[in-house]
Amino acid sequence: MAHYQQVGTVPAKRHVQFRDDDGALHYEELMGEEGFSSDSSLLYHRGVPSAIVDSRVWELPDLATTPNHPLKPRHLRLHTLFGGSAGDLDVVQGRRLVLGNGDVRISYVVAGAPSPYYRNAVGDECVYVESGQGVVETVFGALTFRTGDYVVIPRATTHRWLPEGEVRAYVVEANSHIAPPKRYLSRYGQFLEHAPYCERDLTVPAYPLLVEGADVEVLVKHRGNGAAGLVGTRMVYATHPFDVVGWDGCLYPYTFNVEDFEPITGRIHQPPPVHQVFEGHNFVICNFVPRKVDYHPLSVPVPYYHSNVDSDEVMFYVGGDYEARKGSGIGIGSISLHPGGYAHGPQPSAIEASLGVERFEELAVMVDTFRPLELGEGGLAAEDPAYAWTWSGRGPADGGDGGPAVYSNS
């Protein structure tokens with residue numbers, strides 16, 4: 002997304018001498034994707050951005066995963082994962098892995114404490130703020146966030162989270178970059194007229210932070226031989242990473258609020274790609290927002306049954322009343338996982354109930370992956386084991402081989 006920004010003070014030309022009022026040279030840092038062949042930004046530091054004074058192991062939280070085998074749909078109740086002590090946690094270290102594969106990891110966290118300085122050197126992060134507000138300080142400047150924001154943080158951006166009270170966050174960590182879908186953009190990177198949002202809806206840092214300091218610790222997640230191929234390092238920098246006086250370019254963190262997504266609707270039911278908001282390598286992110294629904298006189302507003310031939314589908318239910326899942330036990334804070342190889346769709350009673358409905362008041366964030374997802378420790382801890390049988394009303398009970406299943410309709 003080549004949307005140029007300039008923040009703070011930068012010289013008139015790239016890669017030339019740039020000094021402060023006392024004659025001290027600023028240090029130029031190019032932060033770019035795909036080597037030197039894609040979007041980048043130039044940052045100007047007061048200190049040397051490579052000057053570290055210590056490097057130690059950072060033990061990452063549990064990132065082990067368990068295959069979804071035997072194959073079945075899953076219901077995960079994320080709001081059961083954190084107790085009364087969640088306010089002592091932070092958005093970085095408090096995450097619990099829910100689902101993951103070699104391309105993407107989905108975590109959930111409830112936090113109220115400031116996070117350490119943090120850099121994900123593996124891929125971009127897209128953090129959906131389920132509830133709460135605060136500030137994300139970054140090497141590019143500060144971003145305020147609020148309920149409904151997607152906070153998109155490019156790979157290797159040093160940042161920290163400063164919640165104002167309790168924050169609930171749904172974290173999508175890629176092994177790649179995360180960007181608006183290519184079909185929304187011109188060949189030069191401008192949002193096109195058919196896109197459901199545009200540059201005006203994005204919020205970027207407005208000014209540099211210009212923080213002074215010495216011996217600043219940054220937690221770095223990077224590639225290695227740990228679980229999921231990831232390891233952690235604690236790097237201590239001689240000068241503060243946020244000593245940037247200015248930057249310019251097309252690579253930076255930003256926020257986008259789900260309220261600014263303009264839903265695409267039609268006379269008959271529209272397929273999930275119309276709800277897409279971002280894409281990464283081997284996965285997409287969509288959101289289902291409050292909207293008018295199908296207006297053909299014989300339309301069926303809820304989705305038809307469909308087989309995930311190439312993907313696993315993950316739906317995080319954030320707000321409203323999700324019509325297709327009525328009677329399944331799913332509610333606010335739930336995740337449904339419908340894996341490839343399994344045909345899924347609405348609960349049977351929801352189809353008739355939807356006929357004649359003109360509007361859906363629902364809010365959900367969906368991630369579709371093109372490699373199978375496995376369950377992390379958070380996903381295993383939050384599972385509702387009865388969900389798979391809710392379409393039939395029958396299934397294994399108490400480890401048996403059939404008979405009526407007991408499941409919640411709440």
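Numbering (our numbering), first residue to last: 2 to 411. We treat Cβ as the ideally placed atom computed from N, Cα and C, and that holds for glycine.
Runs of the beta strand (DSSP E) spanning 3 or more residues and lying entirely within the stretch 118 to 180 occur at 118 to 121, 126 to 132, 135 to 139, 142 to 146, 150 to 154, 160 to 164 and 168 to 175, in chain order. A Cβ-Cβ separation of about 5 Å places L44 in contact with E30 under the 8 Å criterion. Under the DSSP assignment, S335 falls in the beta strand (DSSP E) whose first and last residues are S335 to H339.
Beta-carbon to beta-carbon, V92 and C127 are separated by about 13 Å, too far to satisfy the 8 Å threshold. Rounded to whole angstroms, the Cβ separation of G133 and E167 is 6 Å, and the two are in contact under 8 Å.
Between V319 and L364 the beta-carbon gap is near 4 Å, inside 8 Å, which marks them as a contact. A straight line joining the alpha-carbon of Y296 with that of P273 spans about 17 Å. Where E218 is concerned, the enclosing beta strand (DSSP E) starts and stops at A215 to R224.
Of the candidates G321, Y129 and V58, the residue whose Cα lies closest to the Cα of N258 is Y129. With respect to the 8 Å criterion, P302 and V358 are classified as neighbours on the basis of their beta carbons.
If only complete runs of 4 or more residues are kept, the stretch 271 to 295 shows no alpha helix (DSSP H) anywhere. Taking the Cα of V205 as reference, the smallest distance to any Cα among V212, V237, A157 and V136 is reached at V136. Relative to the Cα of R184, the nearest Cα in the group S177, L193, N176 and H178 belongs to L193. Under the DSSP assignment, G320 falls in the beta strand (DSSP E) whose first and last residues are D313 to G321. According to the DSSP assignment, S329 belongs to no alpha helix (DSSP H), since it is labelled neither H nor E. Straight-line spacing of the CA atoms in T266 and C287 works out to 14 Å. Note on geometry: alpha-carbon atoms of Y171 and A112 lie some 11 Å from one another.
Restricting attention to G281, G330, L90 and K222, the CA atom closest to the CA of L64 is found in K222. Between V219 and Y118, the C-beta spacing is below 8 Å. By DSSP's assignment, G103 forms no beta bridge with any residue. In its chain, beyond the 5 residues on either side, P291, E362, E363 and L364 have a beta carbon closer than 7 Å to the beta carbon of G321.
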